[in-house]
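Student: In the numbering used here, the protein residues as written are 2 to 446. Heads up, the beta-carbon is just placed ideally off N, CA and C, and yes, glycines get one too. Let me give you the structure first, and then I'll get to my questions.
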Ligand SMILES: Cc1cc2nc3c(=O)[nH]c(=O)nc-3n(C[C@H](O)[C@H](O)[C@H](O)COP(=O)(O)OP(=O)(O)OC[C@H]3O[C@@H](n4cnc5c(N)ncnc54)[C@H](O)[C@@H]3O)c2cc1C
């Protein structure tokens with residue numbers, strides 16, 4: 002018997018009677034995420050596999066998993082729906098993957114706030130919250146499948162960010178319960194600023210078993226497509242809509258031609274050669290929106306009433322990183338970047354500088370109180386060197402890049418080591434078992 006198979010037997014024995022998965026095709030599926038959007042990560046991560054996957058249903062069962070991993074010093078990587086883009090939930094050193102999807106209870110729901118287990122799916126949560134007139138403040142375009150715990154662990158922005166900014170903005174996460182990986186596991190509650198110790202920590206700083214989240218008032222959101230003769234006018238329209246305080250909106254997503262040509266299911270509404278805006282705007286503000294569209298010589302080619310929201314595909318699933326998904330399904334050589342342009346002048350400069358090599362896709366969001374253009378531009382990938390040159394050019398010209406071609410947490414968005422997260426990790430994960438290899442601060446301490 003090899004050391005690995007004897008370890009596997011011991012783990013299975015200790016974890017019994019929890020749901021355990023060891024079948025190889027299931028293990029492959031549950032060990033990976035959407036890392037393959039990046040040709041760099043594809044090469045680095047495609048062969049990584051967990052030894053087993055376990056699906057606890059309660060916090061008590063999570064503690065059983067933790068005790069086992071600590072006892073045998075086995076790495077433990079938490080996974081929600083596995084829709085992350087940077088290999089966040091890929092177990093670099095094998096070990097146990099803890100799948101939270103069976104921890105899916107809404108514990109409480111009231112005006113303005115809710116308390117949920119981490120595996121609650123965002124869209125199914127919203128369906129319940131809307132019954133009392135509320136909804137999530139923000140959600141990624143993977144809303145239908147992603148979990149709330151996974152969004153906090155690995156996500157950052159999405160529809161609603163035009164009003165509420167980024168997940169990391171103070172107030173967008175109220176409190177969390179976290180199970181630690183100490184010899185004697187503890188359950189800690191973090192509230193207020195303390196939540197930043199685990200917010201966007203890729204599951205390196207304890208297992209979130211419960212979250213208290215603030216909610217937003219729900220509006221009847223109409224979905225619209227507006228087309229424009231040229232991209233820069235579409236971008237100006239996007240900024241003007243973002244700045245129009247009297248028009249209540251949830252999403253302003255702008256796509257330079259030829260990106261609309263990749264949206265196969267929307268071709269009836271996307272005339273060849275035109276750039277487009279994909280919008281979610283309150284149904285109460287349609288007249289004001291039409292007037293603004295006229296100001297920019299746009300044409301509304303598609304409008305779906307809020308009452309139809311559950312019918313067919315949502316326009317959301319063509320925005321944020323779904324744009325990349327659709328484009329790559331037609332041209333797998335495309336990859337992407339994530340950019341804070343901050344100003345339309347910078348968007349224009351990059352548009353002219355890179356031309357067709359970086360097709361611009363903008364998402365407007367609130368940043369330090371102002372609506373700014375950010376983007377997930379599509380890049381025609383040639384070599385890693387060229388990709389790095391493109392990143393460098395953006396950074397040298399004042400744009401902020403959240404690099405989606407690295408699985409190291411700090412090298413992606415933040416770029417600097419967070420001493421608070423490191424100090425917290427030293428306390429809650431003294432053996433460095435949680436999602437090892439992802440936190441630079443820990444690797445270099
Ligand atoms: C097509 C596409 C579109 C996307 N659009 C967006 C977007 O608009 N905005 C955005 O921010 N992201 C986006 N993403 C990335 C991703 O879908 C979201 O961040 C999503 O919310 C992740 O949720 P998940 O349940 O899939 O998490 P996972 O991918 O399973 O996990 C994400 C991270 O969180 C950690 N984690 C999960 N659960 C816990 C827990 N209970 N405790 C501690 N750590 C935990 C994991 O270890 C991992 O590091 C997109 C991805 C794709 C493929």
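Within the same chain, show all residues whose beta-carbon is closer than 6 Å to that of residue 316, passing over the 5 residues directly before and after it, in chain order.
Tutor: 224 and 279, listed in sequence order.
Student: I'd like to know whether the C-beta atoms of residue 380 and residue 352 end up nearer to each other than 8 Å.
Tutor: For residue 380 and residue 352, no; Cβs fall outside 8 Å.
Student: Between the C-alpha atoms of residue 347 and residue 328, what's the straight-line distance to the nearest angstrom?
Tutor: Their backbone Cα atoms lie some 24 Å apart in a straight line.
Student: For residue 119 and residue 330, I'd like the C-alpha separation in whole angstroms.
Tutor: Cα-Cα distance, rounded: 30 Å.
Student: For ligand 1, I want to know if residue 1 counts as a neighbour, meaning its beta carbon is within less than 7 Å of at least one of the ligand's heavy atoms.
Tutor: In the structure as shown, the chain begins at 2 and stops at 446. Residue 1 is therefore absent and cannot be evaluated.
Student: Contact check, residue 434 vs residue 70 under 8 Å by CB: the rounded distance?
Tutor: Confirmed, Cβ separation roughly 6 Å.
Student: At 4 residues or longer, and completely inside the segment 126-172: list those alpha helix (DSSP H) runs for me, N to C.
Tutor: As far as the segment 126-172 is concerned, its whole alpha helix (DSSP H) runs of at least 4 residues are 149-155 and 162-165.
Student: Bridge partners for residue 100 per DSSP, in chain order?
Tutor: In the DSSP output, where bridge partners are listed per residue, residue 100 has 80.
Student: When the Cα of residue 361 is compared with those of 368, 385, 325 and 114, which residue comes out closest?
Tutor: Cα-wise, what sits closest to residue 361 is 325.
Student: How many angstroms separate the CA atom of residue 181 from the CA atom of residue 277?
Tutor: Going from the Cα of residue 181 to the Cα of residue 277 covers about 47 Å.
Student: Who are residue 336's beta bridge partners in DSSP?
Tutor: Paired residues: 380.
Student: Residue 211 to residue 232, Cα distance in whole Å?
Tutor: Going by the C-alpha atoms only, they are around 43 Å apart.
Student: Tell me the DSSP secondary structure of residue 289 in three-state form.
Tutor: In the structure shown, residue 289 sits in a helix (DSSP, three-state: H, G or I).
Student: Under 7 Å from any heavy atom of ligand 1, does the C-beta of residue 203 make it?
Tutor: Under cutoff, so the answer is yes.
Student: When you compare only the Cα positions, how much space is there between residue 245 and residue 42?
Tutor: Between residue 245 and residue 42, the C-alpha separation is close to 40 Å.
Student: Is residue 436 near ligand 1, going by C-beta to nearest heavy atom under 7 Å?
Tutor: For ligand 1, at least one heavy atom lies less than 7 Å from the Cβ of residue 436.
Student: Expressed to the nearest angstrom, what Euclidean distance is found between the alpha-carbon atoms of residue 259 and residue 52?
Tutor: Each residue's alpha carbon lies about 43 Å from the other.
Student: Along the beta strand (DSSP E) that carries residue 258, what are the first and last residues, could you check?
Tutor: Segment: none, residue 258 is in no beta strand (DSSP E) and carries neither H nor E.
Student: Thinking C-beta only, is residue 251 closer than 8 Å to residue 370?
Tutor: Going by C-beta atoms, residue 370 is not nearer than 8 Å to residue 251.
Student: Using a Cβ-based criterion (distance less than 7 Å to any ligand heavy atom), does residue 22 qualify as near ligand 1?
Tutor: False, no ligand heavy atom lies under 7 Å from that Cβ.
Student: Is residue 340 closer than 8 Å to residue 287 when the C-beta atoms are compared?
Tutor: Contact flag unset, no.
Student: Using a threshold of 7 Å, is the CB atom of residue 443 nearer than that to any non-hydrogen atom of ligand 1?
Tutor: Residue 443 Cβ: outside cutoff for every heavy atom of ligand 1.
Student: Ignore the nearest five residues each way along the sequence and tell me which others in residue 440's own chain have a CB closer than 6 Å to its CB.
Tutor: Excluding residues within five positions, the ones whose Cβ falls inside 6 Å are 205 and 410.
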